[in-house]
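Sequential numbering of the sequence shown, starting at -12, is according to this note's numbering. For each residue, glycine too, the CB sits at the ideal point set by N, CA and C. Just so it is clear, the structure is predicted and the values come from calculations on it, not from any experiment.
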Amino acid sequence: MSILSRLFTFKKSNVAQSDSVIIENSAIKNPLSLTILVDRTLSFDFNKLTRSLGKVDSSMKKVKFQSLPCGKGEAFNALASWNQHLIKVVGFDTACSAEVVKQSIEFAKDNQYLIETIKKHNSHIVISYHGYEEDPIKQYLILTQFANGFENFNMVALLNLKAHHVLPTHVSSALVESDQGIELLCGCLPLFFVGFEAIKVDIHTGICMRTYGASQLGLPDFASFAESFEEQDKYLNIFNNVLHYLNQTHVNIAAGDTIEDDQGKKMILREPSAEEGFLKDGSSVFVVQYPQE
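Below you can see the structure in the form of structure tokens.
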């Protein structure tokens, strides 16, 4: 059974934050974001929401909300801050774009009930990180924990649109409310923070394994062509290990560099060929392959 199937330094900021003024981190140019799907019209008591957040993680008992002017189509607009974290919360009394949702629910194609529930959602909330945690993986974790404060407010699913990924509410809740779940969520990036897909393509006899959304972590995406779907776990682990290594070391890689598979065998990175244009989505992507004998 595959990993995906089984799922069904604090650094003080030099920017002061007071009780009355919440200051966004101007160093963040492309904030990470997640989308919460809700099956009712948005209406929140922020005191109740704060209590709900505190049950997810005790540090969020200190969350303070600052309302902002609403833009066109927005039901509410606010900043939530605690410790060194700051999250922008924007709610819409409309369903999320059907085309955007479609990309994410491809990962849930075996769960028809979830797909139908998602399609019937009425509203959505976009949360984005503007605080002072430097590690993007930890930023994603903080966003996921914050999102689950909405579990008792008719939240039906959590989307990572850049990764083309979705988590049902009960799954995301189980992950962020236990140490083991947090370790799994942060340790296995393709679980939610980075997308992973295995698809049949016409130009190759095998199966294309690829990631999505690693650029949000400041990393390249990876792809490879395997012999069968049975190799999903192998390539998921290879990609996950490389992504963690790059995130921790900040090493820059390029076509022609080598990595190792799960057995220590050498693999070479290359640019996608002209026929592999379907791999290109505007972000950096490398194809991983074994050396030609």
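Start-to-end residues for the alpha helix (DSSP H) that takes in residue i
i, result
"V50", "Careful: V50 lies outside any alpha helix (DSSP H) and carries neither H nor E."
"F183", "From DSSP, F183 is part of no alpha helix (DSSP H) but of the beta strand (DSSP E) over 182 to 187."
"R38", "33 to 43"
"I190", "Taken as a continuous stretch (DSSP letters only), I190 belongs to no alpha helix (DSSP H), as it is neither H nor E."
"S159", "156 to 163"
CB contact flag (residue i, residue j, <8 Å)
i, j, result
"D249", "N224", "yes"
"V87", "T131", "no"
"Q276", "S211", "yes"
"K75", "H117", "yes"
"A65", "L55", "yes"
"L73", "I9", "yes"
"F133", "I114", "yes"
Spatially closest choice to residue i from the options, by CA coordinates
i, options, result
"G58", "D80, V87, H72", "D80"
"S20", "G174, Q279, A150, I186", "A150"
"G200", "D44, K51, A67, S91", "S91"
"M47", "F33, L101, K221, P56", "F33"
"M254", "S165, Y222, L145", "Y222"
"I169", "F265, P207, K125", "K125"
"E218", "G243, R197, L29, D244", "R197"
"T28", "M142, G174, K42", "M142"
Cutoff 7 Å; reference residue i; Cβ partners in own chain excluding five residues on either side
i, result
"S160", "N135, E138"
"G205", "P123"
Beta-carbon proximity list for residue i, same chain, < 8 Å, skipping 5 on both sides
i, result
"L172", "L128, T131, L162, V163, L178, F179, F180"
"K267", "P259"
"T192", "none"
"H111", "T22, I23, L24, V25, G78, F79, T81, A82, C83"
"S215", "G193, I194"
"A241", "L256"
"E93", "H151, E184"
Sequence-distant residues of its chain with Cβ nearer than 6 Å to residue i (five each side left out)
i, result
"S202", "S270"
"V188", "C195"
"V229", "I246"
Boundaries (first-last residue) of the beta strand (DSSP E) holding residue i
i, result
"I10", "Per DSSP, I10 belongs to no beta strand (DSSP E) and is neither H nor E."
"Q276", "272 to 276"
"F79", "72 to 79"
"A67", "61 to 69"
Min CB distance residue i to chain D below 8 Å
i, result
"V77", "Among the chains of the structure shown, chain D does not appear; only one protein chain is present."
Quiz prompt | In chain order, each beta strand (DSSP E) run of at least 3 residues that lies wholly inside the segment 199 to 240 | solution = 208 to 213
Practice problem: At 3 residues or longer, and completely inside the segment 128 to 153: list those beta strand (DSSP E) runs for me, N to C. | Solution: 142 to 147
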